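Trainee: Numbering (our numbering) for the sequence shown: 33 to 269.
Don't be surprised by glycine CBs; every beta carbon is placed ideally from N, CA and C.
Computed from a predicted model, the values in this text were never measured in an experiment.
The structure under discussion is supplied below as structure tokens; questions concerning it will follow.
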Amino acid sequence: MMATETTDPPQRSFAESTAASALLALITDGPYLPWGAGVMRPGGLVAVCNDVVLHGRRAVVELGGGTSTVLLARLLRQRWPAGGARHIVVEHDLTWASWLTEQLAREGLDDRVSLVHAPLTPHPLAVAGLDWYDEDRLQAGLDEALAGEAVDLLVVDGPPADTAARVLARFPALPALSSRLAPGATVVLDDVERPGETEVLRRWESELPVRFERREKAAGIALGTVPAEGLTAAATT
Ligand SMILES: C[S@@+](CC[C@H](N)C(=O)[O-])C[C@H]1O[C@@H](n2cnc3c(N)ncnc32)[C@H](O)[C@@H]1O
Numbered sequence: 033m034m035a036t037e038t039t040d041p042p043q044r045s046f047a048e049s050t051a052a053s054a055l056l057a058l059i060t061d062g063p064y065l066p067w068g069a070g071v072m073r074p075g076g077l078v079a080v081c082n083d084v085v086l087h088g089r090r091a092v093v094e095l096g097g098g099t100s101t102v103l104l105a106r107l108l109r110q111r112w113p114a115g116g117a118r119h120i121v122v123e124h125d126l127t128w129a130s131w132l133t134e135q136l137a138r139e140g141l142d143d144r145v146s147l148v149h150a151p152l153t154p155h156p157l158a159v160a161g162l163d164w165y166d167e168d169r170l171q172a173g174l175d176e177a178l179a180g181e182a183v184d185l186l187v188v189d190g191p192p193a194d195t196a197a198r199v200l201a202r203f204p205a206l207p208a209l210s211s212r213l214a215p216g217a218t219v220v221l222d223d224v225e226r227p228g229e230t231e232v233l234r235r236w237e238s239e240l241p242v243r244f245e246r247r248e249k250a251a252g253i254a255l256g257t258v259p260a261e262g263l264t265a266a267a268t269t
């Protein structure tokens with residue numbers, strides 16, 4: 033009886049404090065970074081960093097930049113020489129794009145991260161008239177930064193989906209980028225404790241052959257793996 037009653041809150045606080053400790057190797061590898069509710073939770077960041085380290089990721093795309101971008105750039109610097117990895121962040125907001133540009137330059141990381149500024153505009157894959165990243169800006173930016181390489185880690189933490197009108201705002205990410213994902217690539221969706229992201233996951237799983245492992249309590253994320261045949265091939269069979 034006691035064992036079942038104690039599972040949830042203790043597990044979560046243990047996981048978060050452990051995750052926060054694990055991140056110290058990145059947090060202390062540069063100057064102070066802003067933290068707040070907009071930043072991925074420690075458990076989510078650790079899952080992303082684990083994927084980089086355990087699977088040797090070197091073509092990483094983030095949708096929605098911020099503190100996570102700088103920490104990931106620090107991790108990729110620890111693991112790869114200059115030019116050894118591609119890290120692309122897609123950001124819709126000019127103010128955050130400017131902050132990122134300045135912060136990355138301050139740390140000498142600007143050569144390691146390609147920032148694609150893509151404002152939010154109507155998008156054919158968006159749900160119910162919502163907007164998404166400007167298709168032309170996004171695809172042109174990815175074409176240039178990836179130079180033909182497939183993405184092996186996609187982190188979906190944007191655009192903002194934290195208001196009632198925007199709960200499904202992140203849906204286009206997987207269908208829009210499926211043909212760019214390498215076989216075996218990891219897809220991470222943040223904020224999956226919210227009903228909107230739960231529905232986004234349901235739609236992705238019903239439309240594409242990717243199954244997601246939900247870690248909403250410990251990390252706020254879900255992780256999916258692209259099948260060996262890739263998503264474009266799998267979707268057409
Ligand atoms: C959920 S945030 C992305 C946060 C980022 N992936 C991270 O973990 O640091 C989504 C959008 O909010 C803005 N943003 C970035 N960092 C933020 C923060 N700390 N607080 C509030 N909004 C933020 C940016 O425009 C970003 O694209």
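1. Beta-carbon separation of Leu-185 and Asp-61 under 7 Å?
2. I'd like the span of the beta strand (DSSP E) that includes Gly-75, first residue to last.
3. Check Ala-91 in the structure and name its three-state DSSP category.
4. From the DSSP secondary-structure annotation, give me the bridge partner or partners of Glu-123.
5. Helix, strand or coil: how does DSSP classify Thr-218 here?
6. In three-state terms, what does DSSP make of Gly-228?
7. Looking at ligand 1, does it come within less than 6 Å of Glu-123, judged from the CB to the closest heavy atom?
8. With DSSP run on the structure shown, which of helix, strand or coil describes Ala-278?
9. What are the start and end residues of the beta strand (DSSP E) that includes Arg-246?
10. Can you give me the Cβ contacts of Arg-247 inside the same chain, cut-off strictly under 6 Å, excluding the 5 residues immediately before and after it?
11. What is the DSSP secondary structure of Pro-207, counted as helix, strand or coil?
12. Tell me which residues share the same chain as Ser-211 and place their Cβ nearer than 6 Å to its Cβ, disregarding the 5 neighbours each side in the sequence.
13. Can you list, in chain order, the residues of its chain whose CB lies under 6 Å from that of Ala-54, leaving out five sequence neighbours each side?
14. Excluding the 5 residues preceding and the 5 following Glu-48 in the sequence, name in chain order all residues of the same chain whose CB lies nearer than 8 Å to its CB.
15. Does DSSP put Trp-112 in a helix, a strand or coil?
16. Give the DSSP-derived three-state secondary structure of Ile-253 in the structure shown.
17. Spatial neighbours of Ala-208 within its chain, please: CB distance less than 6 Å, with the 5 preceding and 5 following residues excluded, ordered by chain position.
18. Buried or exposed: Thr-101, going by 16 or more other Cβ atoms within 10 Å of its Cβ?
19. If you draw a straight line from the alpha carbon of Arg-202 to that of Leu-58, how long is it in whole angstroms?
Mentor: Let me lay it out:
1. Not closer than 7 Å, so no.
2. That residue, Gly-75, is in no beta strand (DSSP E); its alpha helix (DSSP H) goes 74 to 87.
3. In the structure shown, Ala-91 adopts extended strand secondary structure according to DSSP, grouped into three states.
4. Partner(s): His-149.
5. Strand.
6. Secondary structure of Gly-228 (DSSP, three-state): helix.
7. Relative to ligand 1, Glu-123 has its C-beta within less than 6 Å of a heavy atom.
8. The requested residue 278 does not occur in the structure, where the chain is confined to residues 33 to 269.
9. Taken as a continuous stretch (DSSP letters only), the beta strand (DSSP E) holding Arg-246 covers 244 to 247.
10. By the criterion of a C-beta distance shorter than 6 Å, Arg-247 is surrounded in its chain by Ile-253, once the five residues flanking it on both sides are discounted.
11. Here Pro-207 carries a helix assignment [DSSP, helix/strand/coil].
12. The answer, listed in chain order, is Thr-264.
13. Excluding positions up to five away in sequence, the list reads Val-78.
14. For Glu-48, where only same-chain residues beyond five positions count, the Cβ hits under 8 Å are Arg-73, Pro-74, Gly-75, Ala-250.
15. The three-state secondary structure of Trp-112, taken from DSSP, is coil.
16. In the structure shown, the three-state DSSP call for Ile-253 is strand.
17. Leu-157.
18. Buried, by the Cβ-count rule.
19. Distance between the alpha carbons of Arg-202 and Leu-58: 27 Å.
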